[in-house]
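Comments concern the structure below.
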Amino acid sequence: MNFSDNHVHSYFSTDSEASFESIIESALEKNLSSVCFTDHMDYDFPSETDEPEFVFDPDSYFATLQKLRKKYPDFPFRIGVELGLKQGVLKSALELTGSYPFDFVIGSTHLVDNMDPYEEIYWETTGETKGISRYYEATLENIKQGFDYDVYGHIDYVLRYAPTIRQGKNEQHAKEAFINRSMSENEELLREIFREIIKHGKGIEINTAGFTKGLGHPNPHETLLACYKELGGEIITMGSDAHEATYLGSHFETAYAILKKTGFSQYTEFHQRKPKMISFKQRIK
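Read left to right, the sequence shown gives residues 88 to 372 (this note's numbering).
Right, dumping it as structure tokens:
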């Protein structure tokens with residue numbers, strides 16, 4: 088299979104040290120058709136130091152990647168960004184996407200009330216049940232703000248870091264029961280999220296980091312992918328959310344099988360912010 092990995096991070100993201108070269112070499116080795124670099128741009132991300140986190144210099148980003156095209160003229164990588172969406176950053180986000188020629192923009196909820204579900208303080212503050220529903224509420228609020236993005240990233244990101252999942256380790260049965268209950272409790276909210284995304288002509292991704300993070304499922308879960316499809320969703324990208332070259336294209340065979348089972352016959356790549364629908368038949372070799 089030579090799919091495109093459309094969610095990849097490099098050293099331009101605070102939480103990655105991967106070089107562009109290592110990612111491209113890995114993509115060539117794994118026979119990926121292309122990659123789209125989507126480094127983090129999370130305006131006003133809370134930092135424990137005086138240095139801002141999860142932001143980069145877009146001029147340097149584009150200049151570095153344009154130079155790299157000379158080194159890899161036959162590998163079609165694209166330039167994207169993963170925007171962290173939250174209250175108070177709409178103006179900055181719109182200025183970024185309006186000023187730079189990104190191929191692809193992922194919009195993601197990383198912060199809820201300025202807290203990251205990755206951190207224990209989030210769960211200590213909200214409790215588990217409310218912490219999950221509040222994440223989805225914040226996602227819906229972000230969607231309605233008018234951000235400029237192409238697909239919404241890892242819709243149920245919050246489940247990766249829920250205490251029950253973290254503490255469950257290898258107890259997959261307990262994790263499954265928890266995941267199913269959480270989706271059921273937030274079903275109407277999740278359906279509204281999908282309806283809003285579809286109404287505005289946007290899409291979602293199937294993010295395989297859920298497997299590498301021990302969730303046992305992609306983000307979003309298969310049930311949510313089926314819901315998105317049922318509501319009329321067609322735009323869906325594939326991404327590993329790799330922060331190092333090792334995980335590039337990770338679990339794509341599984342993602343492909345899930346999408347086919349869910350009713351998708353194609354996936355999406357973005358070029359110059361325009362969706363290109365790719366038949367699975369074009370990528371199975």
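From the three backbone atoms N, C-alpha and C, an ideal C-beta is built for every residue, glycine too.
Keep in mind the model is a prediction, meaning the values are calculated, not measured.
Collapsed DSSP secondary structure at residue i in the structure displayed
i, result
"Arg278", "helix"
"Ser195", "strand"
"Leu170", "strand"
"Ile322", "coil"
"Val176", "coil"
"Thr333", "helix"
"Glu283", "helix"
"Glu292", "strand"
"Gln259", "helix"
"Ser97", "coil"
Exposure label - residue i; buried when at least 16 CB within 10 Å
i, result
"His358", "exposed"
"Ser269", "buried"
"Asp92", "buried"
"Gly288", "exposed"
"Ile111", "buried"
CB contact flag (residue i, residue j, <9 Å)
i, j, result
"Gly391", "Ile193", "The displayed coordinates of the chain run from 88 to 372. Any statement about residue 391 would go beyond what the structure contains."
"Phe191", "Phe143", "no"
"Ile291", "Val238", "yes"
"Leu277", "Ile242", "yes"
"His96", "Thr136", "no"
"Leu152", "Phe162", "no"
Integer-rounded CB distance, given that residue j should sit under 8 Å from residue i
i, j, result
"Tyr248", "Asn306", "Between Asn306 and Tyr248 the Cβ distance is about 11 Å, and since that is not below 8 Å, they are no contact."
"Phe367", "Tyr343", "7 Å"
- Assess, as a yes-or-no matter, whether the region 347-363 is touched by the region 214-234 under the definition of 3 or more beta carbon pairs within less than 8 Å. no
- Task: Would you check if the region 290-299 and the region 322-332 touch, i.e. whether three or more CB-CB distances between them fall below 8 Å?
- Result: yes
- Can you find at least 3 beta carbon pairs, one from the region 166-180 and one from the region 130-150, that sit closer than 8 Å? yes
- Item | Three CB pairs or more closer than 8 Å across the region 311-322 and the region 270-286 | yes
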